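Here the sequence shown stands for residues 1 to 162, where the numbers follow UniProt numbering. Notes follow once the structure below has been shown.
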Amino acid sequence: MTAILVALGLIALIAGLLGTIYPALPGLGLMFGGAWLLAYADGYHIIGTNTLIFLAVVTILGTATDYVAGMLGAKFTGASKTAIWGSLIGGIIGAFFSLPGLLLGPLLGAAIGEFWARKDLWSAGKVSIGTFIGFIIGVVAKVGCALTILLTLIVLGIFSLF
């Protein structure tokens, strides 16, 4: 049973790592689930409660930053509420069109929403670029949190050998 839990934990970690790049997968949540499975399989000897609490905080912060960064990027450029809703809807629709859709969906959604609200092409362009920059910052933060989770588990695994 332990081998199955370890295998499932490692699969969840790898799927979560891929999910940090592809937003349709809950990357950090899967990574935390994988870490918890590894801790459970070991009886919480190597990965203890304090480590799991730390990893949960990293997961929550990374997920929140990912969701908020695009909206803050749009808001920083003076986006209307329609543009922010457009960015959200564009992101959801874009998820069905692979990587180009994931990148262009929020950008186009914000631009269309802003143009609809203000009828100003220049403002729509600014908002879409701000949304895209926020999206990139969110992805970088999410990848940083994923690496934090991964490196924490690797370091704990190495220290457990000694």
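By construction, the Cβ of each residue, glycine as well, lies at the ideal position given by its N, Cα and C atoms. Just so we're clear, the structure is a prediction, and the values are computed from it rather than from any experiment.
Contact between residue 70 and residue 90 does not hold, since their C-beta atoms are separated by about 10 Å, which reaches or exceeds 8 Å. The C-beta distance from residue 52 to residue 34 rounds to 12 Å, too long to meet the 8 Å contact threshold.
Using a 10 angstroms sphere on the CB of residue 73, the tally of other CB atoms reaches 16 or more, which defines it as buried. Its Cα nearest to that of residue 75, the residue 130 stands out among 130, 135 and 162. From the listed residues 94, 65 and 1, the smallest Cα separation to residue 41 is found for 1. With respect to the 7 Å criterion, residue 82 and residue 117 are classified as neighbours on the basis of their beta carbons.
Contact between residue 62 and residue 142 holds, with the beta-carbon distance rounding to 5 Å and staying under 8 Å. The C-beta distance from residue 152 to residue 55 rounds to 7 Å, short enough to meet the 8 Å contact threshold.
For residue 16, the closest alpha carbon among the candidates 5, 32, 66 and 7 is that of 32. The beta carbon of residue 156 sits closer than 7 Å to those of 46, 47 and 51, all from its chain and outside the five residues before and after it, given in chain order.
Counting the other CB atoms within 10 Å of its CB gives residue 80 a total of 16 or more, which places it among the buried residues.
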